[in-house]
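All residue numbers for the sequence shown refer to UniProt numbering, where the first residue is 1 and numbers rise by one.
C-beta atoms are modelled at their ideal positions from N, C-alpha and C, and glycine is treated no differently.
All values derive from a computational prediction rather than experimental measurement.
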Amino acid sequence: MATEAVESLSSSLSTTTISPGRRPYTGSCHCGRTKYITYLTLPPPIISANPPSPSSTIRIRKCNCSTCQKMSYFHVRLMDEPNDFLLLSPLNPTDGGLSDYTCFKGAIHWYFCSKCGVRCFAFAGEGVVREVEVEGKVQEVWTADPEKWGKGKVAYLSVNAATLDNNQEGLDLTEWTEKGWISYIDWKNNADEARMGKPHEGGMY
């Protein structure tokens, strides 16, 4: 059922012109075992290394820490995590659905497919399986828990933009660089400094 939803959504996006704003995009790992839908608002409402709030704009980022560099991770932080990221399959990443890697304090789970090794998203916080409407049909998906998200606990979700499916209306990763939408974060030195235009020491474009 999840596969059918992704195929249906991809087909509709390739043939329909969608007005600018919040749009659904499909993503997957290389072997297709991991499938998701994420809602992105493009162009970003605010293009800034330090937007006024996490919910004010999507944040497209590259980090110079050893974890992100070794994984070659291309971050997209969402405006409304519980409603902007729907994991279609596997239905529960925390129950053996995906392999997991943690490092340092172990707060963030860098989930990856046990078959092809691709990491589609990173997560910290409470997740839940719930019913949502996808392409006019109600189905079960895994999301950040909207009842508990950000309430006194670590809440982190970052989509790996490199795993977004190709040939989707309004999605061109090259323009993210060409139009200067990417902010570069310095976590290599634990500085948590962000800037536009140029990576920090040890980072990459």
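According to DSSP, simplified to helix, strand and coil, what is residue i?
i, result
"residue 63", "strand"
"residue 173", "helix"
"residue 14", "Unreliable placement is indicated for residue 14, whose pLDDT of 40 sits below 50; the coordinate value is still reported in the next sentence. Reduced to three states, the DSSP call for residue 14 is helix."
"residue 6", "In this prediction, residue 6 has a pLDDT of 47, which is less than 50 and means its spatial position is unreliable; what the coordinates show is noted afterwards. Helix."
"residue 19", "Caution is warranted here: a pLDDT of 42 is assigned to residue 19, below 50, making its placement in the model unreliable, and no coordinate value can be reported."
"residue 71", "helix"
"residue 131", "strand"
Return yes when the Cβ of residue j is within less than 8 Å of the Cβ of residue i, no when it is not.
i, j, result
"residue 78", "residue 142", "no"
"residue 92", "residue 202", "no"
"residue 156", "residue 123", "yes"
"residue 194", "residue 74", "no"
"residue 23", "residue 40", "yes"
"residue 146", "residue 82", "yes"
"residue 154", "residue 140", "no"
Return the Cβ separation of residue i and residue j in integer angstroms, given the expectation that the two are a contact with Cβ distance under 8 Å.
i, j, result
"residue 120", "residue 163", "4 Å"
"residue 105", "residue 199", "Not quite, the Cβ-Cβ distance comes to about 24 Å (not below 8 Å), so this is no contact."
"residue 182", "residue 176", "6 Å"
"residue 94", "residue 127", "6 Å"
If we define contact as Cβ-Cβ less than 8 Å, is residue i a contact residue for chain E?
i, result
"residue 63", "No chain E appears in the structure shown, which is made up of a single protein chain."
Report the residue from the options whose alpha carbon sits nearest the alpha carbon of residue i.
i, options, result
"residue 35", "50, 25, 42", "25"
"residue 235", "205, 186, 180, 185", "Residue coverage of the chain in this structure runs from 1 to 205, which leaves residue 235 outside it and unanswerable."
"residue 178", "166, 168, 196, 187", "196"
Could you please give me the residues that DSSP links to residue i through a beta bridge?
i, result
"residue 126", "Answer is none; residue 126 lacks a bridge partner."
"residue 77", "59, 158"
"residue 40", "23"
"residue 111", "Paired residues: none, contrary to the question."
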